[in-house]
Amino acid sequence: MSARSPAPASPDDAAPWPGPWVRYDLVKEFVVALVAVVALAVILTILFSSPDDPATTIQSWAKADPGDFLTTAVTELNGTSDVATYGPPYTHTSGASQEIASISPAEVVGVHIPIDTVKDYVIEPLREIPADPRLKAALAAYQAAPPKLREAWAGAFEGALPKARFVRGIPILPAGRYGPVATMMGSLLGLAQSGGLDGALVAGNHRFYETNYTKPLLFLSGGEYFAERGESQHLLGTQWGMMNETGSYPGQVWLWLYTFWYQIEPLKSSENADLLVFSIMGILSLALICIPFIPGLRALPRHLRVYRAIWREHYREVEG
Amino acid sequence: MSEGEGQGMSAEERQMWTTWVRERAVSALPPEKLLPDRQPSYVSSWIYVFGVVSIASLIVVVVSGMILGLKGPEWWHVSSVGHFFNSIHLWAVELFFFAMVVHLWGKFFMGAWRGGRGRTWVTGAVTFLVAIGAAFTGYLSQQNFDSQWIATQAKDGINSTGVGAFFNVTDFGQMYTFHVILLPLAIVVLVIAHVLLVRRHGVVPPYPAKARRAEPATPPPQAAAGQGGAP
Numbered sequence: 123m124s125a126r127s128p129a130p131a132s133p134d135d136a137a138p139w140p141g142p143w144v145r146y147d148l149v150k151e152f153v154v155a156l157v158a159v160v161a162l163a164v165i166l167t168i169l170f171s172s173p174d175d176p177a178t179t180i181q182s183w184a185k186a187d188p189g190d191f192l193t194t195a196v197t198e199l200n201g202t203s204d205v206a207t208y209g210p211p212y213t214h215t216s217g218a219s220q221e222i223a224s225i226s227p228a229e230v231v232g233v234h235i236p237i238d239t240v241k242d243y244v245i246e247p248l249r250e251i252p253a254d255p256r257l258k259a260a261l262a263a264y265q266a267a268p269p270k271l272r273e274a275w276a277g278a279f280e281g282a283l284p285k286a287r288f289v290r291g292i293p294i295l296p297a298g299r300y301g302p303v304a305t306m307m308g309s310l311l312g313l314a315q316s317g318g319l320d321g322a323l324v325a326g327n328h329r330f331y332e333t334n335y336t337k338p339l340l341f342l343s344g345g346e347y348f349a350e351r352g353e354s355q356h357l358l359g360t361q362w363g364m365m366n367e368t369g370s371y372p373g374q375v376w377l378w379l380y381t382f383w384y385q386i387e388p389l390k391s392s393e394n395a396d397l398l399v400f401s402i403m404g405i406l407s408l409a410l411i412c413i414p415f416i417p418g419l420r421a422l423p424r425h426l427r428v429y430r431a432i433w434r435e436h437y438r439e440v441e442g
Numbered sequence: 004m005s006e007g008e009g010q011g012m013s014a015e016e017r018q019m020w021t022t023w024v025r026e027r028a029v030s031a032l033p034p035e036k037l038l039p040d041r042q043p044s045y046v047s048s049w050i051y052v053f054g055v056v057s058i059a060s061l062i063v064v065v066v067s068g069m070i071l072g073l074k075g076p077e078w079w080h081v082s083s084v085g086h087f088f089n090s091i092h093l094w095a096v097e098l099f100f101f102a103m104v105v106h107l108w109g110k111f112f113m114g115a116w117r118g119g120r121g122r123t124w125v126t127g128a129v130t131f132l133v134a135i136g137a138a139f140t141g142y143l144s145q146q147n148f149d150s151q152w153i154a155t156q157a158k159d160g161i162n163s164t165g166v167g168a169f170f171n172v173t174d175f176g177q178m179y180t181f182h183v184i185l186l187p188l189a190i191v192v193l194v195i196a197h198v199l200l201v202r203r204h205g206v207v208p209p210y211p212a213k214a215r216r217a218e219p220a221t222p223p224p225q226a227a228a229g230q231g232g233a234p
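Those protein sequence lines, which keep their order, are chains L and V.
First residue of the first sequence? That's 123 in the numbering used here, and the numbers climb one at a time after it.
First residue of the second sequence? That's 4 in the numbering used here, and the numbers climb one at a time after it.
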């Protein structure tokens with residue numbers, strides 16, 4: 123450890139450095155770095171602030187696009203929505219989960235966040251509406267009807283929605299065999315437009331405190347309105363959305379490699395894209411951690427020779 | 004109470020758990036090694052700055068996050084002061100990742116795991132991956148459209164692995180707990196372990212140099228004495 127020894131050309135990686143040592147004030151370096159980071163963060167804050175686009179509420183959705191709201195709601199009622207057919211961890215729909223080599227991890231783990239779209243998104247919220255005998259009768263008729271008839275009513279209502287007119291937010295459909303579904307959906311739309319459905323989905327089962335937004339978020343994500351808002355903010359998967367943020371902010375740029383896989387074939391169009399991408403990233407993450415122990419990979423930096431730029435002063439000294 | 008061999012310590016004292024832990028700690032990291040005022044001459048590149056900048060950024064992230072947490076998760080939506088601290092938090096996170104990624108690449112190109120420094124690399128790489136999780140849960144905790152969108156998109160990937168049954172990205176309460184307690188705690192513990200390992204094993208030396216251009220014959224005796232052969 124002599125300060126006067128020349129730097130060795132081939133130092134022992136594990137042994138104490140036998141070459142020259144120089145003064146290095148670690149504490150000063152840390153304090154300067156801390157001050158610089160604080161200053162930089164304050165400057166960036168003053169210049170650019172941070173994005174805060176208001177959340178989409180079910181109320182704002184139902185008011186802005188009642189047709190889209192009703193289309194989503196009726197698919198929740200007849201069990202054809204994305205949520206109703208999602209599979210684990212929400213529903214018991216078989217064959218809906220992604221798989222690799224016929225193994226579906228989601229199926230193995232099973233349903234842990236059960237969602238009954240008919241009950242959770244339609245029947246229970248409607249039951250909370252007081253003093254509406256017409257709705258009460260519609261609910262009773264719907265629940266007393268055989269499944270085939272319920273499907274027929276909901277199907278007819280869904281089919282007629284593209285022809286619906288909305289007068290001050292109230293749907294007016296051409297005559298059809300909608301049974302009690304028209305009354306139910308009209309009431310659900312009114313509940314949503316009043317803001318009542320937001321609260322009903324978050325604080326269901328007569329609870330007061332709630333921090334779990336699974337049900338309203340899944341309901342929102344089933345509509346075109348929510349997707350169009352995401353697209354307008356360049357957040358879709360095809361827009362490298364995983365690493366983007368609303369506005370022109372850097373977002374989670376460190377997720378670029380996750381996002382990258384979704385942009386290329388065959389992953390881009392694969393039905394199992396999510397599971398494949400997560401598997402690839404899991405393997406790559408493990409490889410990153412284990413680089414020191416992987417033959418070939420651990421020797422790569424030596425061949426890349428970037429280290430010669432990093433230690434250029436050292437090599438200049440020992441190589442002359 | 005009899006004295007120990009050359010240490011002024013009794014046999015009873017030597018058997019104490021506290022004594023054992025202190026002696027092991029001081030032996031592994033004596034003060035001059037824990038906080039050295041000298042470094043090998045090769046530690047003279049800008050790349051070495053990014054490790055300490057990562058730690059400095061992490062401190063700003065944690066402190067600004069604590070201020071946001073103390074006032075509650077909704078504060079920054081309704082207060083300009085809250086929004087200011089949220090912006091500090093955001094930009095400190097961006098600086099943290101920038102510094103950490105440069106540090107990681109720098110250490111990769113140095114082959115910084117050589118000479119028994121494998122655990123140092125492993126703790127650093129795991130810190131990076133855990134930090135991604137911490138940032139991700141932070142984005143989910145924003146309570147705005149961005150967090151709504153990220154939650155609804157990310158659920159599909161996480162659910163496909165089966166993990167979504169237990170790590171529910173649409174459950175704000177769960178994500179907020181991960182973001183403000185569990186993952187930051189893991190990062191701080193990992194960073195402390197990483198820094199202690201760096202101090203214990205020192206900074207990795209350069210790869211072997213080429214032969215001197217002017218002196219192709221035998222190297223000087225002082226340099227030859229230090230040769231041990233890099234893997």
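Glycine included, every Cβ here is placed at the ideal spot set by N, Cα and C.
Chain-ordered listing is empty here: chain V has no CB closer than 9 Å to the CB of Ser224/L, the nearest sitting near 15 Å. Residues of chain V whose Cβ lies closer than 9 Å to the Cβ of Asn334/L are, in chain order, Asn171, Thr173, Asp174, Phe175, Gly176, Gln177. In the structure shown, Phe169/V adopts coil according to DSSP, grouped into three states. Distance between Trp78/V and Ala212/V, taken at the CA atoms: about 57 Å. With a contact defined as Cβ atoms closer than 8 Å, Ser182/L and Thr155/V miss out at about 16 Å. The three-state secondary structure of Ile251/L, taken from DSSP, is coil.
In its chain, beyond the 5 residues on either side, Val133 have a beta carbon closer than 7 Å to the beta carbon of Ala189/V.
For Arg117/V, the number of other beta carbons within 10 angstroms of its own is at least 16, and it is reported as buried. Sixteen is the threshold: since fewer than 16 other Cβ atoms of the shown chains lie within 10 Å of the Cβ of Phe288/L, the residue is exposed.
Shown here, Val46/V sits in coil according to DSSP, grouped into three states, outside any helix or strand. A direct Cα-Cα distance of roughly 33 Å separates Leu186/V from Ser47/V.
Using a Cβ-Cβ cut-off of 8 Å, Leu199/V does not count as an interface residue toward chain L, since no Cβ of chain L sits closer than that to its own.
For the segment 146-177 of chain L, the residues whose beta carbon sits under 8 Å from a beta carbon of chain V are, in order, Tyr146, Asp147, Leu148, Val149, Glu151, Phe152, Ala155, Leu156, Ala158, Val159, Val160, Leu162, Ala163, Val164, Leu166, Thr167, Phe170, Ser171, Ser172, Pro173, Asp174, Asp175, Pro176, Ala177.
Between the segment 226-235 of chain L and the segment 199-217 of chain L, the count of C-beta pairs closer than 8 Å reaches three or more; the two stretches touch. Interface annotation for the segment 337-353 of chain L against chain V: Leu339, Leu340, Leu342, Ser343, Phe348, Arg351, Gly352, criterion Cβ-Cβ distance under 8 Å. With a contact defined as Cβ atoms closer than 8 Å, Ser90/V and Thr167/L qualify at about 4 Å.
In the three-state scheme derived from DSSP, where H, G and I count as helix and E and B as strand, Asp396/L is classed as helix.
Counting along the chain, the unbroken beta strand (DSSP E) around Val289/L starts and ends at 287-289.
By the CB criterion at 8 Å, Ile222/L and Ser370/L fall outside the cutoff.
Listed along the chain, the chain L residues whose CB falls inside 7 Å of the CB of Lys213/V are Glu441.
Taking each of Gly318/L, Ile294/L, Leu313/L, Phe279/L in turn and checking the Cα distance to Tyr300/L, the smallest one comes out for Phe279/L.
When secondary structure is reduced to three states using DSSP, Pro210/L falls in the coil class, being assigned neither helix nor strand. Interface with chain L (8 Å Cβ-Cβ cutoff): Phe139/V is included. Ala266/L sits exposed, since fewer than 16 C-beta atoms from the chains shown fall within 10 Å of its C-beta. Taking the beta carbon of Asp187/L as reference, no residue of chain V falls within 8 Å; the closest one sits roughly 16 Å away. The residue among Gly119/V, Phe139/V, Val194/V with its C-alpha nearest the C-alpha of Phe170/V is Phe139/V. Of the candidates Tyr264/L, His234/L, Pro128/L, Tyr264/L places its Cα closest to the Cα of Ile245/L. The segment 27-45 of chain V makes no contact with the segment 171-181 of chain L: fewer than 3 CB pairs, one atom from each, lie closer than 8 Å.
Close partners of Trp94/V in chain L (Cβ separation under 8 Å): Leu162, Ala163, Leu166, Thr167, Phe170, Ser172. A direct Cα-Cα distance of roughly 17 Å separates Ser30/V from Glu16/V. Beta-bridge pairing by DSSP links Asp320/L to no other residue. When Glu97/V, Ala95/V, Ala128/V are compared, the shortest CA-CA separation from Trp108/V is found for Ala128/V. Inter-segment contact for the segment 190-200 of chain L and the segment 233-252 of chain L is present: three or more beta-carbon pairs are separated by less than 8 Å.
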